[in-house]
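*Asks:* Protein chains in written order, with the numbering used here: chain A, 6 to 654; chain B, 741 to 988; chain C, 109 to 547.
Positions of the beta carbon are idealized from the N, C-alpha and C atoms, including for glycine.
A single structure is presented below for examination.
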Amino acid sequence: MIASQSLPLLAFISVEQAAFLLLNGLALGVLYVLIAAGFAVIFGITDVLNFAHGAFYMVGAYLTLAVVDATGSFFVALIVGPIAVAGIGVVAERLTLSNIYDRSPLYHVLITFGVLLIVTELVEIVWGTGTQFFQTPELLAGAVQVGPIAYPKYRLFTILAGAVIALGTWLLIRYSRFGLILRAGAQDQATARLMGVNIKKYYTLTFALGTFLAAIAGGLASPFLSVNPEMGNGALIIAFVVVAIGGLGSFAGAVVAGLLVGFTQAAVDTFVPALSGFVFYILLLAALLIKPEGILGDYEIRKHAAKLSYDERIPPVPLTDRRVLALLGALLLLPVVGLNTVMSSYGVGLVALMFIWGILALSLDTVTGYTGLISFGHAAFYGVGSYVVALTTLNVTNSFLLSMGAAILVAASIAWLVGAISARLSGLYFAIITFAIGQLLYQMSVSWSGLTGGSNGLSIDRVELLGFVDVSDTVTFYYLALAMLVASYYVAKRIMDSPFGLQLQAIRESERRTTFLGYNTNMAKRRIFAVSGALGGVAGGLFVTLQTFTSPETLFWVVSGDALFAMVLGGVGTLYGPIIGGAVLIGLDQILTIYFDHWRMLLGLILIVIVLFAPRGLVSFYAIGAELLRGERGPFGSAEPEPVEERGD
Amino acid sequence: MLETRNLTKTFGALTAVNSVDLTIEREGIHSIIGPNGAGKSTLFHLLTGYHQPTEGTIRFEGENIEGKSPRTIVDKGISRSFQISDLFDGLTVEENVRIATQSLDENRNSVWKRSDSIDSTRKAETLMEDLDLTEFADTRADALSHGDRRKLEVGLAIAVEPDLMLLDEPTAGMGNEGSAKMVQTIRRIADERDIKLVLIEHDLEMVMEISDRITVLNRGAILKEGDPETIQADEDVQEAYIGTGEGE
Amino acid sequence: MRPSDNTRRRTVLKRAGGGALGAASLSLLAGCADDGGGDGDGDGDGSGNGDGDDGDLNSGDVGDNPVRIGFLIPQTGIFAAQGEAMERGAETTLHQLNEEVGGILDRDVAGFIEDTEGDPGQGRDMARRHVETNDVDVLIGAVSGAVNLSIADYAHDEGVPYFAYGGPEEITGSECRPTTFRYQYSDSQIARTGAKWALENLGENVWIHVADYAFGQSISREWKKAFEASDLEYNIVDETQTPLGHDDYSSVLSQIQSSEADWVLQGFSGSDAVNFLSQSTQFGLEQDIMSTTNTYRPLREGAGSSAVGTYTTIRYEPTYDTEANQTLVDLHTELHDQPPTDFALVIWSSLLRYAEAAEAAGSVETEAIIGELEGMESEEPMGPATMRECDHQAMRKGFVGRITEPNEHDWPGQEIVGELGAEEVTRPCTDTGCEMPDL
C-alpha cells in the first residue's frame, strides 16, 4: 500500500528525496564496502572463507569503544582498537588456519566457525550480552546542511573515512611490495616460493590486514549501528553477499558490489519497504542467474582450493555388522528398561533428538562428505521440513505419514532448485549460495507471519501415524525416530554403493575428469542435493513432531553450522560417523550447559581441536583405539615401524 | 574424421590458437608438436569442449561440435587425457577404471544396484589387465608410482570407448624406457579397439618414430604439417624450436 | 557465595549429581541468598561452588516437601540481559516468600531455573523439563512473546498454572488458557495508555514505524485500535516497517523528517531501538518519539543520551510511592545492591498472589488455585490490581514517562508524566477474543 503511494518513478521524487537517497545509499554502500573488503582480501589471497569475519567486526566495535572509554578520543580509538583486533586475528590465525591452509576448504570453514564461537562467547563474558551505548563523537554529532537537506555529520564522516580506507587498501595491494607478493602468492604459490617468500608469513599478514579492515568497519559503524554481540551476524551476511556479487576474491568487485547493494538497499527502504529485508538475497540470486562469476569475477578458484579429499578411507559400516546390531538392540530396549528407572521421558525425548540430529548430519554427509559440495545452508531443509509438517498438521491432516510425505517432497524440491541454481558453481561458491538461500528462507519465515506465525513460531497439538497411533507420545516417537534413522542410513548407504554413488565420489575427487568421462555432473549434483534435502526434511519433520513446535530458529544459519560441526565431529564421508557426531553434539549441548553458561565456547574449542588433530572425527579414534588394542600402533598415536614380516602381501 | 576451420581462441589480448585449419584422417597416428606455449593444450581444450572457441568451426564425423559441452563431445566419441594426471585420487585404481567404464553402462545412474555388480565391471577388469594394473586394483590412485598414474590417466580415456582419443603428453615425466613401453601399450590397445590416436608429445625422437602424420604448432598457428621425414627436414620447424630454446 | 550462583539452574543439576538425562535434581533456596554483596550481574560462571556435591543441599532449609516453582528465564541468547534482571527478581521473591511470608502452606518454597535461550522451542522443552523432571507446581517467566505462547500452550496441556511475562495480546486473548495468568501489562493496555496520552499531549499527527515481526506488528495493531478507542482526533501520516535486525534507518528517518508528523510511534526493542534512537539523534529529528520500550533499563543503557527526551509507557518505576513498592525496593536493593526492574515486579506480584491463592485454597492443586486467583484484588507496588476472571489479565493503572538525563546512575532516568486508570486502559471483556477453554 505504502509502496503504491510512492512508486519508484524518479519523476515523482523531490530534490530533497533525491539528495537523501543519494547520501543514504552512499553511506550504506561505503559501509558495506568496508565490511566486505577485509573478507575479500582474505579470500582473494588465501582462499579461505572466513566465517569469523563478523566476529572480528564485532570485536572491533567493542575494542574501539573500550579505547574511547580509556582515552576519550574517538579518532585514536578508531586506529588503536582495530590494530588490537588485528593482533587478535594474527594469534587466531597462527593457532588455527595457519596449520591447515593446504586442507580442504571444508576445514577452513569449520575452523573459522570455531573461532567465531569462541570470540563471540568471550565478548559476552567480558562485556555481557546487552547493547552498549556508543556516544557519537562531539565533533561529528548532529546534522549539517548539505544542499537542500540537513544530513548527519557522522554519516558524511563515514562516507569520507570509508572511501579513504578503501582507497588506501587498494593502493597497498596494487603498489606496495607487500601487495605485489600477496598478489603473486595468490596467483601461484610455487612462484611466490621461488621468489624466496615465506608464503605463510604473508598469509598471516593478510589475515592481519583482513581483520584490521573488519574491525575498523565495526568501529566506524558503532556510533550509528549499536554495539552488541549479535552485530557480527549481519556483517557476515553482508560480507558474503557483497563478495559473491562482486566476484569472489576481487577487491574492485567488492567495492562496486558494496556500493550497488548500498544504493539498492536505500532505494528499496524508501520505495518498497516491504522488501527491504530481502534486498541482499534478491540481488545475490539475480547476480547468480545473470553473471554467476560475479560482476568483476574473472577469478577461477584454484583446483586445490576447492577439493575435499581424505587421507584415509573409512567405509560405512553395514547394518548387519554385529556392533551395529548390538547397538540397535540396546537402543530398542532403552525406553523399555530405562524409562522411570535411569531416565525420565524427557531423557527418552533427548535420545530421540539425537536420532534427529543424526539424520540431519547424515543428510549433509551425502552432499558434503561424498560429493564434496560444502553446504552451509542445510538449516533450510531442516526448517522447511519442520514447517511443512507443522502447517500440514494445522491445516490439512494430522496424519504423520501424509505430512512427512509432504515435508520430504517440498524439502527435496527446494533442494533440487538450490542445486539447479548453484550446481554450475563449484566449491566455495556453493557454501556461500547455500548459506544465502538458508538465510533467505529464515527471513521469509520471520516476515511472512500470516503463514509461518513469524517469530512466534507454530504450535501443533498431536500427530498420528495412521489415525490412531499418537506419535507425539515420547516413547512412540522414540521408536519412530529410530526407525527413520535406520531407514535413512540404509537408503544413504545403498545410494553410495550404487553406480550413482560412485559418480558422486568421482565428482568429489575431480569434477572436471568426471565431465570428461561423459557424465552430467550438474544433474548428479541436483539429484543428490534433492536426496539430501529430503533427508534434511525428514529430520525437520521429526523435530517438530517431537517438540510439537517450530520457529524460525530452525532455519537460522547456526543450525547449518552445527550440522557441519556434527558431521565433522563424527567423521565426514563415512555416513555413520555423522550420525554419531549428531548424537554427541546433542549430548555435549546438554552436559556442557550444566557446568558452563558459555558452553558454545567449549564447542568452538572442541571443533578447532577436532579439525586440527582429528580431521576424520570420532570414527578415527575408534580405528586408532582398535589398532592400539591390537598393538599395531604406538601408545602416542604415531604408528611404529611395522615389523618386516607383516608387510609382504 | 575431424576437421577444424579457422579455429581461434583468444584470452584477452593473447591469441592462444590462431585460425587453425587442422584435418585429422582416420588412419594412422597423428602427433601435434611445438614449443611451450604454442597452443597445443589449448587446441585440445577446444576440441574437447573445455574451452569454447572465439571463432571457427570443428567438425567431427561430419557434425559440428564447436560450442558443445565436454560431456556431449565424449558421447560423440572423442575422449582425452590430461597433461597433468587428473585422477580420482582418493579412490582405488579399480574404482577409477570402473567410473570410466560405467559411463557407458545403462545402469550408470542407478541408485539402487551395487556399482560393483553391473555389467561394465567386467570391462573394467579387462582394461586393468590390458594396462597391467590389476595388481594395484585396490591401491589408491594417489599411492601409485608416476608411471602407473600416467598409465591410468590414459586408461580412463580408453575406458569410455572413443573413436578418437586425444592424449596430452601421455609419457610426461617418464624415463625413456618407461615411455617406450607406455607408447607400445597405448598403440596395442588402440589397435585392438580401433581407436584413432592424436598425441601431443615433447619427445621428438619418439614422435618421429611412431607418427604417421605430424602437425607443428607455433604461437597458436600451424607452422607445418606433413609426414615425419618432411617435418624433420624442415628448416622453419628447427628454427621455431631453436628460436625458443625448446629444442630437444 | 554469590547470590546469583544459587539460582544457576545447571548448578542445581550438577550438585544433584544427576546426569544430563535429568534423573533427579534438587532445589535452590533463596534463603541462603542473604549476602547482598556483589552487583549480582551474573557474571559468575556457575561452576566452582564445590560445596555440597552430595545432592542433598538445602536439607537444613528445605522441608521434605517444598512447593516447587519453575522459573523459565533466558540465561543465554539475545534476551540474556533481561534474564539476569529476572533472576534477581526470582531470588528476591523467593527470599520474601520463605523469610517473610513463611512459605506456602507451611511448606518451604524451592525454585528451579531452566534456560529458555529466548527460543520458543527451547522454552517449551524446558517447561517440559520443569514438569517432568523438576516436578514443579507452577511455571513462571519467559521474556519473548513467542516463548510465552509456546509455554502457555504446554502448561495448559499439563494442567500447570503459568504466570506469563510477555506482552502479546493473545496470551490473555485468543490464546487464553485457564492455566495462564498475567500480571504484566498486555500490549493493548500499554497501547491504550500511550495512545491516549500522546494524542492529548504530543499532537494528532502520528507516524508509525515498527519492526516487521510479531512484536512490532502487535504494537502497530494495538495502537491503531487504541487510537480508535480513545475517541480523539488522530491522523496516521504514514506507517512504515523495517525487518527485525535492520540496522539502518536513514531512509525512514529522512522521510519522517520532512513529513508533517508531530510524533513517531517507535515499535521495536533491543538493538533495533538503540539504533533508531541514536540515528534519529544524528539526524536531528524534530519529531517527538513515543515508545513502549524505552522504559527498559538495558535499552536506556544502550541508547544513552540519545534516549533522553523521548517518551515511553512505563511498566515500573522504583521511586513510585506505595508501601508495597517500598518493601520490594528495600529487599531487592538489600540483596542485589540495585533497584528492582519490571521483571522483578512481575515475578513478585505473580508469586505473592500465587502464595495467597494457595493459602486461601488450602492446597496447590491447580483447579483450586485458579478459583482463588480469578477476581483477586491486591495492592501491588505500582498500585491496586485486579486479576480479571474473563481473560486472566491483571487490571492495573497505566503510566507514561519521559526519559531524563542520568541522575543517580550512569544511564538515563525516567519521570512519570501521565497516569491513567485501570478501567480506562484495559479493553472490555467482550473485546478480548478469549474463549476460555476447559482445564
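So the alpha helix (DSSP H) D438/C belongs to, where does it begin and stop?
*Replies:* Position 330 of the third sequence, counted from the first residue, corresponds to residue 438/C. E431 to H444 is the extent of the alpha helix (DSSP H) around D438/C.
*Asks:* If we call anything under 9 angstroms between Cβ atoms a contact, is R461/C one with M490/C?
*Replies:* Counting from 1 along the third sequence, the entry for residue 461/C is found at position 353. Counting from 1 along the third sequence, the entry for residue 490/C is found at position 382. Cβ distance not < 9 angstroms, so R461/C and M490/C don't count as in contact.
*Asks:* Are A899/B and L907/B touching if we call contact CB-CB under 9 angstroms?
*Replies:* Along the second sequence, one-based indexing puts residue 899/B at 159. Along the second sequence, one-based indexing puts residue 907/B at 167. Cβ distance not < 9 angstroms, so A899/B and L907/B don't count as in contact.
*Asks:* From H785/B to I818/B, what does the alpha carbon distance come to, in whole angstroms?
*Replies:* Within the second sequence, numbered from 1, the residue matching residue 785/B stands at position 45. Within the second sequence, numbered from 1, the residue matching residue 818/B stands at position 78. Distance between the alpha carbons of H785/B and I818/B: 12 angstroms.
*Asks:* With H, G and I counted as helix, E and B as strand and the rest as coil, what does DSSP make of E466/A?
*Replies:* Reading the first sequence from its first residue, position 461 is the one you call residue 466/A. Note that residue 466/A is Asp in the sequence shown here, rather than Glu. Coil, per DSSP.
*Asks:* In the structure shown, what three-state DSSP assignment does Y112/A receive?
*Replies:* Your numbering for residue 112/A matches position 107 in the first sequence. If DSSP states are grouped into helix, strand and coil, Y112/A belongs with the helices.
*Asks:* Whether or not the segment 574–587 of chain A and the segment 92–100 of chain A are in contact is what I'm after, with contact meaning three or more pairs of Cβ atoms, one per stretch, closer than 8 angstroms; do they touch?
*Replies:* The segment 92–100 of chain A, when compared against the segment 574–587 of chain A, does not touch it at the 8 angstroms Cβ threshold.
*Asks:* Provide the residue span of the alpha helix (DSSP H) that contains K206/A, from first to last.
*Replies:* Position 201 of the first sequence, counted from the start, is the residue given in the question as residue 206/A. First-last of the alpha helix (DSSP H) with K206/A: I204 to A226.
*Asks:* With 9 angstroms as the threshold, decide whether the Cβ of Y484/A is near any Cβ in chain C.
*Replies:* Mapped onto the first sequence, residue 484/A falls at position 479. No, its Cβ sits nowhere closer than 9 angstroms to a Cβ of chain C.
*Asks:* Note down the Cα distance separating S368/A from E514/A, rounded to an integer number of angstroms.
*Replies:* In the first sequence, residue 368/A corresponds to position 363, counting from 1. In the first sequence, residue 514/A corresponds to position 509, counting from 1. One C-alpha to the other measures close to 19 angstroms.
*Asks:* Nearest CA to the CA of D214/C: which residue from L205/C, E222/C and F220/C?
*Replies:* Your numbering for residue 214/C matches position 106 in the third sequence. For D214/C, the nearest C-alpha among the options comes from L205/C.
*Asks:* Is Q552/A close to chain C, meaning its C-beta is less than 9 angstroms from at least one C-beta of that chain?
*Replies:* Residue numbering aside, residue 552/A sits at position 547 when the first sequence is read from its first letter. Q552/A counts as touching chain C.
*Asks:* Looking at the secondary structure, which residues open and close the beta strand (DSSP E) in which D396/C lies?
*Replies:* On the third sequence, residue 396/C is found 288 positions in, with the first residue counted as 1. Segment D396 to S399, the beta strand (DSSP E) holding D396/C.
*Asks:* Check whether the Cβ of A539/A lies closer than 9 angstroms to any Cβ atom in chain C.
*Replies:* Here residue 539/A refers to the residue found at position 534 when the first sequence is read from its first residue. It does not: the Cβ of A539/A has no partner Cβ on chain C nearer than 9 angstroms.
*Asks:* Checking contacts by CB at 9 angstroms: is E21/A closer than that to chain C?
*Replies:* As a first step, residue 21/A is located in the first sequence; it is residue number 16 there, counting from the start. True, the Cβ-Cβ gap to chain C drops below 9 angstroms.
*Asks:* Output needed for L590/A: all residues of its chain with C-beta closer than 7 angstroms, excluding positions within five of it in sequence on either side, in chain order.
*Replies:* In the first sequence, the residue the question calls residue 590/A occupies position 585. Cβ neighbours of L590/A beyond the five flanking positions: W362, D567, F570, A571 and L574.
*Asks:* Judging by CA-CA distance, which residue of Y600/A, T376/A, G542/A and W453/A is the nearest neighbour of I500/A?
*Replies:* Along the first sequence, read from residue 1 onward, the residue named residue 500/A stands at position 495. Ranking Y600/A, T376/A, G542/A and W453/A by Cα distance to I500/A puts T376/A first.
*Asks:* Please classify G578/A: does DSSP put it in a helix, a strand, or coil?
*Replies:* Here residue 578/A is taken as the residue at index 573 of the first sequence, counted from 1. G578/A falls in the coil class under three-state DSSP.
*Asks:* Could you tell me whether the Cβ of E143/A comes closer than 9 angstroms to any Cβ of chain C?
*Replies:* Taking the first sequence and counting its residues from 1, one reaches residue 143/A at position 138. Not closer than 9 angstroms to any Cβ of chain C, the Cβ of E143/A fails to qualify, so no.
*Asks:* Note down the Cα distance separating I407/A from I465/A, rounded to an integer number of angstroms.
*Replies:* Here residue 407/A refers to the residue found at position 402 when the first sequence is read from its first residue. Here residue 465/A refers to the residue found at position 460 when the first sequence is read from its first residue. Residue identity differs from the one stated: residue 407/A is Leu in this sequence, not Ile. Computed Cα separation, rounded: 15 angstroms.
*Asks:* Take the Cβ of Q924/B as the centre, count every other Cβ of all protein chains shown within 10 Å, and call the residue buried at 16 or more, exposed below.
*Replies:* The sequence position of residue 924/B within the second sequence is 184, counting from 1. By the 10 Å Cβ count, Q924/B comes out exposed.
*Asks:* Decide if T346/A is buried, meaning its Cβ has at least 16 other Cβ atoms within 10 Å, or exposed.
*Replies:* For this step, residue 346/A is matched to residue 341 along the first sequence. Exposed.
*Asks:* When burial is assigned at 16 or more other CB atoms within 10 Å of the CB, is E199/C buried or exposed?
*Replies:* Position 91 of the third sequence, counting from 1, holds the residue named residue 199/C. It is buried - the Cβ of E199/C has at least 16 other Cβ atoms within 10 Å.
*Asks:* Residues in the segment 490–510 of chain A with C-beta within 8 angstroms of chain B's C-beta atoms, listed in sequence order?
*Replies:* Answer in chain order: R499, I500, D502, S503, P504, F505, G506, L507, Q508 and Q510.
*Asks:* Compare the C-alpha of A188/C against each of L289/A, P234/A and H58/A and name the closest.
*Replies:* Within the third sequence, numbered from 1, the residue matching residue 188/C stands at position 80. Nearest C-alpha to A188/C: P234/A.
*Asks:* Is it right to say S294/C is buried, meaning 16 or more other beta carbons lie within 10 angstroms of its own, or is it exposed?
*Replies:* In the third sequence, the residue the question calls residue 294/C occupies position 186. So S294/C counts as buried.
*Asks:* What did DSSP end up calling Y419/C once you bin it into helix, strand or coil?
*Replies:* Your numbering for residue 419/C matches position 311 in the third sequence. Y419/C falls in the strand class under three-state DSSP.
*Asks:* Bridge partners for S771/B per DSSP, in chain order?
*Replies:* For the purposes of this step, residue 771/B is taken as residue 31 along the second sequence, with counting starting at 1. Looking at the DSSP assignment, S771/B forms a beta bridge with L939/B and I954/B.
*Asks:* Evaluate the contact criterion for the segment 481–500 of chain A versus the segment 804–822 of chain B: three or more CB pairs, one atom per stretch, below 8 angstroms.
*Replies:* Touching, no, given that fewer than three Cβ pairs across the two stretches are closer than 8 angstroms.
*Asks:* When you check each C-beta in the segment 310–327 of chain A against every C-beta of chain B, which residues fall closer than 8 angstroms?
*Replies:* Flagged, chain order: S314, Y315 and R318.
*Asks:* State the CB to CB distance for the pair M868/B and A877/B, rounded to an integer number of angstroms; the pair is presumed to be in contact (CB under 8 angstroms).
*Replies:* Taking the second sequence and counting its residues from 1, one reaches residue 868/B at position 128. Taking the second sequence and counting its residues from 1, one reaches residue 877/B at position 137. Indeed, because the Cβ distance is near 6 angstroms, the residues count as touching under 8 angstroms.
*Asks:* Measure the beta-carbon distance from H58/A to L241/A and round it to whole angstroms, keeping in mind my assumption that it falls under 8 angstroms.
*Replies:* Within the first sequence, the letter at position 53 stands for residue 58/A. Within the first sequence, the letter at position 236 stands for residue 241/A. Yes, they are in contact, since the Cβ atoms of H58/A and L241/A sit about 6 angstroms apart, within 8 angstroms.
*Asks:* Quick check on D227/C: does DSSP put it in helix, strand or coil?
*Replies:* For the purposes of this step, residue 227/C is taken as residue 119 along the third sequence, with counting starting at 1. Of the three classes helix, strand and coil, the one that applies to D227/C here is coil, per DSSP.
*Asks:* Looking only at its chain, what residues have a beta carbon closer than 6 angstroms to the beta carbon of Y581/A, apart from the 5 residues adjacent to it on each side?
*Replies:* For the purposes of this step, residue 581/A is identified with residue 576 of the first sequence, where counting begins at 1. So the qualifying residues of the chain are P321 and V322.
*Asks:* CA-CA distance, N400/A and A411/A?
*Replies:* For this step, residue 400/A is matched to residue 395 along the first sequence. For this step, residue 411/A is matched to residue 406 along the first sequence. Near 13 angstroms, if we compare the C-alpha coordinates of A411/A and N400/A.
*Asks:* Hey, quick one: how far does the alpha helix (DSSP H) through R99/A stretch, first residue to last?
*Replies:* Reading the first sequence from its first residue, position 94 is the one you call residue 99/A. That run of the alpha helix (DSSP H) goes F79 to L100.
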